[in-house]
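Below is one structure, written out as structure tokens; comments come after it.
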Amino acid sequence: DGGITQSPKYLFRKEGQNVTLSCEQNLNHDAMYWYRQDPGQGLRLIYYSQIVNDFQKGDIAEGYSVSREKKESFPLTVTSAQKNPTAFYLCASSIDRRQGANNEQFFGPGTRLTVL
Amino acid sequence: DQQVKQNSPSLSVQEGRISILNCDYTNSMFDYFLWYKKYPAEGPTFLISISSIKDKNEDGRFTVFLNKSAKHLSLHIVPSQPGDSAVYFCAARGEYGNKLVFGAGTILRVKS
Chain A
18 DGGITQSPKY LFRKEGQNVT LSCEQNLNHD AMYWYRQDPG QGLRLIYYSQ
68 IVNDFQKGDI AEGYSVSREK KESFPLTVTS AQKNPTAFYL CASSIDRRQG
118 ANNEQFFGPG TRLTVL
Chain B
58 DQQVKQNSPS LSVQEGRISI LNCDYTNSMF DYFLWYKKYP AEGPTFLISI
108 SSIKDKNEDG RFTVFLNKSA KHLSLHIVPS QPGDSAVYFC AARGEYGNKL
158 VFGAGTILRV KS
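The listed protein sequences derive, respectively, from chains A and B.
So for the first sequence, this note's numbering puts the first residue at 18; every next one is plus one.
So for the second sequence, this note's numbering puts the first residue at 58; every next one is plus one.
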């Protein structure tokens, strides 16, 4: 089955600890994204990557870091510098728009991170 | 600065009737618009999209209308079903790149 997987579904961490959220896709998509969703708010872009070994900051990148060493993987690290890390984190992927006009993003199931 | 706005936090509709979800945007450079549906604790799923060169796109019970002069789009669901109850997000893509800008979402409740 083609799709995007995120693990784990629920994650608990103590304040001050770094934590890495996994995102894997087997859709052969070039572009990958990380969003954060908070209650009553839309999806806010944290980081995105249009190609392997390259990524750009989104609207709320402070306190987060990413890597894109492989096309299918885009892990997100929530560092201790992120002031309010408890949220629902969503990973997405899409074909590059240069490959097709309709490059809707496909989302994973999400990871609920709770910092205690 | 919210470039994509969904001003109705929630909408309640009777089963079988029409649901109309609205979305406004401010950036005239957006060239592609999408609607996503999301259930609690799940990722959003793509529903329907429309290019800025069109004013209407239809897919089964779902129709999206785009009014570029008003910078407004709407999603019509006819007939509404209880399974349509979810959060609906409007999203827009800029002229370059792959980034999407999302609205805050509208909670749709379809009552049976």
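Just so you know, even glycine gets a beta-carbon here, dropped at the ideal spot from N, CA and C.
Minimum Cα-Cα distance from residue 90 (chain B) among the listed residues B:105, B:96, B:163 and B:98 corresponds to B:105.
Under DSSP, residue 65 (chain B) shares a beta bridge with no residue.
Rounded to the nearest whole angstrom, the CA to CA distance from residue 25 (chain A) to residue 39 (chain A) is 7 Å. Annotation for residue 129 (chain B): the continuous beta strand (DSSP E) segment containing it runs 129 to 134. A Cβ of chain B is located within less than 8 Å of the beta carbon of residue 126 (chain A). Each residue's CA atom was taken as its position, placing residue 126 (chain A) and residue 72 (chain B) some 28 Å apart. By a beta-carbon distance limit of 8 Å, residue 61 (chain B) contacts residue 149 (chain B). Their separation comes to about 5 Å. Not one beta carbon of chain B lies nearer than 8 Å to the beta carbon of residue 104 (chain A).
Beta-bridge analysis with DSSP links residue 124 (chain A) to A:109. When DSSP states are grouped into helix, strand and coil, residue 47 (chain A) belongs to the coil group.
Look at residue 78 (chain A): its C-beta is not under 8 Å from any C-beta on chain B. Between the alpha carbons of residue 116 (chain B) and residue 123 (chain A) lies a gap of roughly 18 Å. Boundaries of the beta strand (DSSP E) around residue 124 (chain B): 119 to 124. Residues 120 of the same chain have their beta carbon placed closer than 8 Å to that of residue 114 (chain A), with the five preceding and five following residues left out of the count. As far as DSSP is concerned, residue 103 (chain A) takes part in no beta bridge.
Residues of chain A whose Cβ lies closer than 8 Å to the Cβ of residue 146 (chain B) are, in chain order, 59 and 60. Non-local beta-carbon contacts of residue 139 (chain B) in its own chain, meaning distances under 7 Å to residues more than five positions away in sequence, involve 72, 167 and 169 in chain order. Assigned with DSSP and collapsed to three states, residue 74 (chain B) falls in coil, not helix or strand.
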